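This report concerns only the one structure given below.
Protein chains: 2
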Amino acid sequence: MTIDSNPLSDLISAGMPDGVIRVETHPRTANTALVVDKVRSVYPHQQIYGEFCPVQGYVDAPPDELYEWLADSRSLEEWTYSTRGLVATEEPGLWVGYDRLNTDTEIYVRTVANPAAMTVDYHCAWDQGRHLWMIYLMRVVDAQLVLNKPGSVVLWNNCRHPFYDENPYPEAAPPERAEWVGDLWDMFWAGHQIELENLTAIAEHRHGHGLPLTPEWMRA
Amino acid sequence: MTIDSNPLSDLISAGMPDGVIRVETHPRTANTALVVDKVRSVYPHQQIYGEFCPVQGYVDAPPDELYEWLADSRSLEEWTYSTRGLVATEEPGLWVGYDRLNTDTEIYVRTVANPAAMTVDYHCAWDQGRHLWMIYLMRVVDAQLVLNKPGSVVLWNNCRHPFYDENPYPEAAPPERAEWVGDLWDMFWAGHQIELENLTAIAEHRHGHGLPLTPEWMRA
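Heads up: the protein sequence lines correspond to chains A and B, in order. Quick note, the numbering used here runs 188 ahead of the 1-based positions in the first sequence. Quick note, the numbering used here runs 188 ahead of the 1-based positions in the second sequence.
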């Protein structure tokens with residue numbers, strides 16, 4: 189059965205929303221004017237990294253193996269700058285370790301991964317493990333599909349959760365710690381870019397030396 | 189069984205890769221210097237949108253319903269600027285319509301979606317449906333998790349496939365067409381931003397008026 193397309197036909201009675209730019213109402217010259225008005229030689233920091241923090245890149249290593257490594261919470265101990273010493277808690281899937289940006293800052297991690305979509309979400313928080321609100325949304329993509337070559341693309345995004353602006357659980361923090369993770373938001377893209385480069389260097393080094401991307405100790 | 193973490197222990201004999209920045213080798217002051225060196229008041233266009241094209245935003249509509257709408261290829265006829273008239277081909281899941289940026293430009297679409305991860309990948313190509321290399325990688329995320337409020341976040345990325353730089357199937361193009369889709373790469377982020385705003389406006393309008401996000405004709 190073929191159904192005729194009838195885009196937005198349900199809005200005839202409800203009225204069209206404002207600000208919708210489609211070829212029927214905005215011929216190409218009108219749309220091009222809007223596009224050209226947005227494109228710049230440079231973009232301000234807040235426009236690019238104010239509310240979201242996207243980083244991404246190519247990794248010369250097989251996507252299925254790369255996904256498998258990243259899907260293990262303990263891979264964070266390898267490619268992040270400062271997440272270390274993860275041990276399993278009594279709650280299945282929940283790990284606790286230290287974010288060595290500061291002394292005595294605990295970090296809790298639960299990794300939610302989907303092998304078919306190759307999404308890897310690190311649900312984290314400083315200080316407490318009941319509300320994991322710092323979430324790194326990552327995804328491994330087969331580079332053959334999107335770049336026409338072997339290897340992987342890693343997409344990574346982070347959303348500016350309101351708790352970055354104010355610690356909701358100050359009673360859980362070490363009393364002497366002056367810093368809050370969200371104080372660093374404006375440096376996140378740079379920090380994450382460095383970590384993505386770590387991830388890339390480690391994965392490519394292992395792949396290039398014929399080593400498994402997921403090391404033995406992580407498989408045990 | 190608890191296994192001691194042993195990050196990068198497999199690289200003791202293979203040697204460490206160059207360029208890995210970790211707290212063990214780079215104390216915080218050293219890392220901060222690297223981070224500050226990357227952060228800018230403005231970033232050049234090519235750094236941000238040269239090889240990848242990330243756009244993302246908040247949508248005030250339920251994530252499960254938003255995912256369901258986007259997972260139908262025909263939603264492209266609603267929120268994109270110019271993809272129209274999709275009809276099913278004889279190949280299951282493959283649709284063909286027109287990209288009305290140009291007259292007579294066919295566009296083929298196969299949507300690969302994962303309901304658990306809420307990924308929606310539009311595998312597309314102009315002119316021919318055998319090699320779908322233009323891939324929009326999208327994902328719906330529950331805003332309650334990442335922004336602490338009801339609604340959705342939509343992540344969208346696009347990778348600069350080499351075919352954007354040269355049409356690999358020129359014989360499939362209408363003979364009179366001078367333009368190639370990749371000629372527009374540097375305007376993609378702005379065009380996609382406009383389309384993400386369309387998507388947002390339509391979804392929020394439907395949700396706000398109590399209409400289903402996926403319209404009746406698309407369910408038939």
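Backbone N, C-alpha and C define an ideal beta-carbon position, used for all residues, glycine too. Keep in mind that this is a model prediction, so the values were computed, not measured.
Query: Taking the alpha-carbon of B/T291 as reference, which of B/R272, B/E385, B/V208 has the nearest alpha-carbon?; Result: B/R272
Query: What does a CB cutoff of less than 7 Å around B/Y357 pick up in its chain, not counting 5 residues either side in sequence?; Result: D315, Q316
Query: Please state whether the Cβ-Cβ distance between A/R298 and B/T307 is less than 9 Å.; Result: no
Query: Give me the chain B residues within the contact set of A/E266, using Cβ-Cβ distance strictly less than 7 Å, ordered along the chain.; Result: P195, L196
Query: Quick one: which chain A residues come within Cβ less than 7 Å of B/A378?; Result: V223, K226, V227
Query: Where do the ends of the beta strand (DSSP E) carrying A/Y286 lie?; Result: 282 to 287
Query: Please list, in chain order, all residues of the same chain as B/E266 whose beta carbon is under 7 Å from its beta carbon, the five residues on each side excluded.; Result: I390
Query: For the beta strand (DSSP E) that B/H214 lies in, which residues bound it at each end?; Result: It is not in any beta strand (DSSP E) - B/H214 carries neither H nor E in the DSSP assignment.
Query: Rounded to the nearest angstrom, how far is the Cβ of B/S197 from that of B/L254, given a contact under 8 Å?; Result: In fact, because the Cβ distance is near 44 Å, the residues do not count as touching under 8 Å.
Query: According to the Cβ coordinates, are A/V275 and B/S263 closer than 9 Å?; Result: no
Query: Quick check: the Cα distance between B/S201 and A/P400, rounded to an integer number of angstroms?; Result: 14 Å
Query: Can you confirm whether A/L199, when its beta carbon is compared against all beta carbons of chain B, has any partner nearer than 9 Å?; Result: yes
Query: Per DSSP, what are the beta-bridge partners of A/G245 in this structure?; Result: A/V342
Query: Answer with yes or no whether the minimum CB distance from B/S270 to chain A is below 9 Å.; Result: yes
Query: Does chain B have any CB closer than 9 Å to the CB of A/C312?; Result: no
Query: When we look at the beta-carbon of B/A313 and count the other beta-carbons within 10 Å, is it buried (16 or more) or exposed?; Result: buried
Query: Give a yes or no on whether the C-beta atoms belonging to A/L372 and A/N346 are separated by under 9 Å.; Result: no
Query: In the DSSP output, what is A/F376 paired with across the bridge?; Result: According to DSSP, A/F376 bridges with nothing at all.
Query: Quick one: which chain E residues come within Cβ less than 9 Å of A/V341?; Result: Absence of chain E from the displayed structure is noted, the protein chains being A and B.
Query: With H, G and I counted as helix, E and B as strand and the rest as coil, what does DSSP make of A/L274?; Result: strand
Query: From which residue to which residue does the alpha helix (DSSP H) around A/V308 run?; Result: A/V308 -> not in any alpha helix (DSSP H); beta strand (DSSP E) instead, spanning 307 to 314.
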